[in-house]
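The next block holds one structure in the form of structure tokens; read it before the comments.
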Amino acid sequence: MNPLLSKNFFLLITANCLAFCGWVFRNYLINWYILEKTNSTFMVGLIAAIPTFFVIFISPLGGQLADKFSRKKLFLIARIISFIFFLFAAIFIHANFYPIFFIILCFSGIGVTAGLEVTASRNLILDVVGFKYLTWGNSITEFINAFLSTTGPLVIAIFFTSISNTIIFFSMPAVHLISVAAAFMLFIYLKETKNDSDKGLEKGVDKSIKEGIVYSYKSVNIRILLILAFTILFWGATQPLIPKIARDTLGSGASGYATLLSSEAFGAMIGSIALPLFAKIFRNSKSIVACIIIYSIVLFFFSLSTSIYLSILLLIIGGFFHIIWFTVVLILLQTIPDDDHKGRVVGLFFTVIQAYGLGFILGGLLGESIGIVATITIAAIIPVIVHLVCYGASKDFRTLKS
194 MNPLLSKNFF LLITANCLAF CGWVFRNYLI NWYILEKTNS TFMVGLIAAI
244 PTFFVIFISP LGGQLADKFS RKKLFLIARI ISFIFFLFAA IFIHANFYPI
294 FFIILCFSGI GVTAGLEVTA SRNLILDVVG FKYLTWGNSI TEFINAFLST
344 TGPLVIAIFF TSISNTIIFF SMPAVHLISV AAAFMLFIYL KETKNDSDKG
394 LEKGVDKSIK EGIVYSYKSV NIRILLILAF TILFWGATQP LIPKIARDTL
444 GSGASGYATL LSSEAFGAMI GSIALPLFAK IFRNSKSIVA CIIIYSIVLF
494 FFSLSTSIYL SILLLIIGGF FHIIWFTVVL ILLQTIPDDD HKGRVVGLFF
544 TVIQAYGLGF ILGGLLGESI GIVATITIAA IIPVIVHLVC YGASKDFRTL
594 KS
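Just so you know, we're using this note's numbering here: the sequence shown kicks off at 194 and counts up by one.
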């Protein structure tokens, strides 16, 4: 039976994608809530970045645990804890009881659990569908994530007409609760091999975080892919600027912000379809560099746009190429390492991409000090330079494909 049609894969993508949907709701609701409360892009970026501060330090541990213990157990435990934190965040916002303070506390806890979970959840895709269907497994996951990113903000915008309508914040724990149910069913039905469930009992195999870092550094291709992944910092730098662009430049308010978020996600949804259909074209280092160049050009023109329709079109194009860039980097990092290092390498990847949280802060700060256009221009140029330098410096990387 095709593993993509199996009950286990259905449960896995349901749990993963509904959890992601909760993050989509969080991004839209909390970012707009903070902007309305503080009128500061810096505060929007700072608070949105809080989970990433913890994921940066916790993801290597999560990768180590994914190499040593049952991934489905880690996945279920983290899903339950995340639901609890999102529930508390919604309660304190609705009660208007020091909401920003408790958002910060809950986001800190969410960051810890995300760091512990993310490697297990991504490598479970490989465990369930196998190497042969890995591209399809990742692409289906990203397609559904993109679909939810497209529809989620629009659906929320229908109900979220004012920050006083705080009952809508309970949509965050609601979708996480369904995610927990799917993760529990996966825990029941997924039969792990003895090697998968008893990894921590293996003798003579060094599964320390340090050894995983050394292994990643010694591999030229893994090292370069992690460097390129770090440039997601500059994607993050643009995110706290989008609600301000929607409100002040385009004059479209909260509904316009939702539309812009959905546009980028719609492009990502199309990209997720294109990737497995044209895997031979995209699953290589040339594609990684080309996608980031096109994305950066689109981003620059987006910063100059004063038309909501042109902005939507540009974000659709940008979302298409950015999701291909992200997914191909991840797929290569899942397939290059040997079995004993997959968890820690993917854990390092999810540590590195938390740089987008630092980008939130940097983008918000620069947006207020040097302006939106200048900030986005910087965010467009630097990733291109980094990719071109890495591509030119390594013959191994230039010939990399999977």
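Note that the Cβ used here is the ideal one computed from N, Cα and C, for glycine as well.
Our two residues, Leu421 and Ala288, have alpha carbons roughly 43 Å apart in a direct line. Ranked by how close their Cα comes to the Cα of Gly446, the residues Pro469, Ala350, Ala271 have Ala350 in first place. A distance below 9 Å separates the beta carbons of Ile333 and Ile206. About 5 Å separates the beta carbon of Trp329 from that of Pro469, a gap short enough to meet the 8 Å contact definition. It is roughly 20 Å from the alpha-carbon of Leu541 to the alpha-carbon of Asn209. In the DSSP annotation of this structure, the continuous segment of the alpha helix (DSSP H) that includes Leu523 starts and ends at 501-528.
In terms of Cα proximity to Ile223, the closest of Thr344, Ile509, Phe363 is Phe363.
When C-alpha distances from Leu526 are compared across Ile415, Ala271, Gly302, the shortest belongs to Ile415.
The criterion of a C-beta distance shorter than 9 Å is not satisfied by Lys437 and Asp260. Under DSSP, Lys594 shares a beta bridge with Asn477.
If you draw a straight line from the Cα of Pro366 to the Cα of Ser465, it comes to about 27 Å. Residue range 292-322 is occupied by the alpha helix (DSSP H) that includes Arg315. Boundaries of the alpha helix (DSSP H) harbouring Arg416: 413-423, taken from the DSSP string.
Taking the Cβ atoms as the reference, Gln257 lies roughly 5 Å from Ile402, within the contact range of under 8 Å.
Contact between the segment 564-581 and the segment 273-280 is absent: fewer than 3 CB-CB pairs across the two stretches fall below 8 Å. Counting only the Cα atoms, Val305 lies some 32 Å from Gly449. Secondary structure at Gln257: helix, using DSSP grouped into helix, strand and coil.
Taking 9 Å as the cut-off, the Cβ atoms of Thr312 and Val482 do not count as close. As summarised for the segment 325-380, the continuous alpha helix (DSSP H) elements at least 4 residues long and confined to that stretch are 327-352, given in chain order. Scanning the segment 535-590 for uninterrupted alpha helix (DSSP H) segments of 4 residues or longer gives 535-545, 548-562, 565-586, listed from N- to C-terminal end. Asp441 places its beta carbon 9 Å or farther from that of Leu383. Assigned with DSSP and collapsed to three states, Ser456 falls in helix.
Ile578 sits exposed, since fewer than 16 C-beta atoms from the chains shown fall within 10 Å of its C-beta. Taken in chain order, the whole alpha helix (DSSP H) runs of length 4 or more contained in the segment 223-247 number zero. Going by C-alpha positions, Ile563 is about 19 Å away from Pro576.
Annotation for Ile286: Pro292, Thr359, Phe362 place their beta carbon closer than 6 Å to its own, counting only its chain and skipping 5 residues before and after. The beta carbon of Leu211 sits closer than 6 Å to the beta carbons of Val368, Ile371, Ser372 from its chain, once the five residues preceding and following it are set aside; these are given in chain order.
Here DSSP, grouped into helix, strand and coil, assigns Glu404 to helix. DSSP, reduced to helix, strand and coil, places Asn220 within a helical segment of the structure shown.
Looking at Gly323, Phe427, Arg219, the one whose alpha-carbon comes closest to that of Asn195 is Gly323.
If you look at Ser275, you'll find it in the alpha helix (DSSP H) that goes 264-288. Nearest Cα to Gly511 within the set Tyr502, Leu492, Val522: Leu492. Counting only the Cα atoms, Phe494 lies some 10 Å from Ala573. Between the C-alpha atoms of Leu327 and Ile249 there is a straight-line separation of about 25 Å.
At a Cβ-Cβ threshold of 9 Å, Ala467 and Phe513 count as neighbours.
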